[in-house]
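Numbered according to the working numbering, the sequence shown spans residues 68 to 225. Don't be surprised by glycine CBs; every beta carbon is placed ideally from N, CA and C.
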Amino acid sequence: MTPGLTLVGNFNAEAAQYAHFAYNLARQIHADRFGPGFFDGHRIELRIPPEEDELDGPSGAAGTAVAIYSLAVQRCVRMDTILSASLVIENGVATGALERIGGVVEKVLGAADFRLRRMILAPENAVDIAEAGLTAEEHPGMEILFCANVSDILATIF
Numbered sequence: 068m069t070p071g072l073t074l075v076g077n078f079n080a081e082a083a084q085y086a087h088f089a090y091n092l093a094r095q096i097h098a099d100r101f102g103p104g105f106f107d108g109h110r111i112e113l114r115i116p117p118e119e120d121e122l123d124g125p126s127g128a129a130g131t132a133v134a135i136y137s138l139a140v141q142r143c144v145r146m147d148t149i150l151s152a153s154l155v156i157e158n159g160v161a162t163g164a165l166e167r168i169g170g171v172v173e174k175v176l177g178a179a180d181f182r183l184r185r186m187i188l189a190p191e192n193a194v195d196i197a198e199a200g201l202t203a204e205e206h207p208g209m210e211i212l213f214c215a216n217v218s219d220i221l222a223t224i225f
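Written out as structure tokens, the structure is:
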């Protein structure tokens, strides 16, 4: 077995590229905190169910990085929380910083419909929330958190 990442399913080129950015970021954060052990001995398979449409963008990249890190540290993330954010890429490497994504209003409303209690977004998406007039009164029990980077997410997601 060769350590690394295998993608299974219908990833377009951009989504596949961001999945690899997410993997490399999770690997780096884990190595910085615990050393390289886990990633040197495991191959991770990221799978999209066959009935799903093509995965087509970067908005799941931060969530992918967190999921891979969660696997490496063997801790489950909070089940009441959803995360949607893209990773900032500089010189072909994910920095860990988060950037704004589209479709935020629909994602927040969907999360509220499923009675999720928390949603994590990039700080730049606060404008979308304000412009849409989404308030705590309209969605009681739903908290929107704005995290600047993956390390901030890891501090709140477990």
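Legend entry - DSSP three-state assignment for T162, whether helix, strand or coil: On the sequence shown, position 95 is the one that residue 162 refers to. Strand at T162.
Inset, instruction - Just grab the DSSP bridge partners of F213 for me. - result: Mapped onto the sequence shown, residue 213 falls at position 146. DSSP, once it has assigned bridges, lists L188 as partnering F213.
Inset, instruction - Determine, using beta carbons only, whether F88 and H97 come nearer to each other than 9 angstroms. - result: As a working mapping, residue 88 is identified with position 21 in the sequence shown. As a working mapping, residue 97 is identified with position 30 in the sequence shown. For F88 and H97, no; Cβs fall outside 9 angstroms.
Inset, instruction - With a cut-off of 8 angstroms on the beta carbons, I'd call S153 and L188 a contact; round off their distance for me. - result: Start at 1 with the first residue of the sequence shown, and residue 153 comes out as number 86. Start at 1 with the first residue of the sequence shown, and residue 188 comes out as number 121. Not really, about 10 angstroms apart at Cβ, beyond 8 angstroms.
Inset, instruction - Look at L165 and N216 and say whether their C-beta atoms are less than 9 angstroms apart. - result: Within the sequence shown, the letter at position 98 stands for residue 165. Within the sequence shown, the letter at position 149 stands for residue 216. Taking 9 angstroms as the Cβ cut-off, L165 and N216 qualify as a contacting pair.
Inset, instruction - Using the Cα positions of R94 and P103, report the straight-line distance between them to the nearest angstrom. - result: If you number the sequence shown from 1, residue 94 lands on position 27. If you number the sequence shown from 1, residue 103 lands on position 36. Taking the straight line joining both Cα atoms gives about 8 angstroms.
Legend entry - Distance between N79 and P125 (C-alpha atoms, nearest Å): For this step, residue 125 is matched to residue 58 along the sequence shown. For this step, residue 79 is matched to residue 12 along the sequence shown. Here the alpha carbons of N79 and P125 stand approximately 10 angstroms from one another.
Inset, instruction - Please classify G71: is it buried, with 16 or more other beta-carbons within 10 angstroms of its beta-carbon, or exposed? - result: Along the sequence shown, read from residue 1 onward, the residue named residue 71 stands at position 4. With fewer than 16 other Cβ atoms within 10 Å, it is exposed.
Legend entry - Proximity winner among R114, M146, N91 and G127, relative to N77 (alpha-carbon distances): As a working mapping, residue 77 is identified with position 10 in the sequence shown. Distance from the Cα of N77 is smallest, within the candidate group R114, M146, N91 and G127, for R114.
Inset, instruction - Label T25 either buried or exposed according to how many other C-beta atoms from any shown protein chain fall within 10 Å of its C-beta, with 16 as the threshold for buried. - result: Within the shown structure, residues of the chain are numbered from 68 to 225, placing residue 25 beyond reach of any answer.
Legend entry - Status (buried if at least 16 other CB within 10 Å, exposed otherwise) for G163: Translated into the one-based positions of the sequence shown, residue 163 becomes position 96. Result: buried.
Legend entry - Reduced DSSP category for R100 - H, G, I as helix; E, B as strand; rest coil: Reading the sequence shown from its first residue, position 33 is the one you call residue 100. Looking at R100 - three-state DSSP - the assignment turns out to be helix.
Legend entry - Per-residue DSSP class, three states only, for F78: Start at 1 with the first residue of the sequence shown, and residue 78 comes out as number 11. Residue state, collapsed to three classes: strand.
Legend entry - P43 versus L74: straight-line alpha-carbon distance, rounded: With the chain running from 68 to 225 in the structure shown, residue 43 is simply not present.
Legend entry - Separation of M186 from E198, as counted between CA atoms: As a first step, residue 198 must be located in the sequence shown, where it is residue number 131. As a first step, residue 186 must be located in the sequence shown, where it is residue number 119. Taking the straight line from one Cα to the other gives about 17 angstroms.
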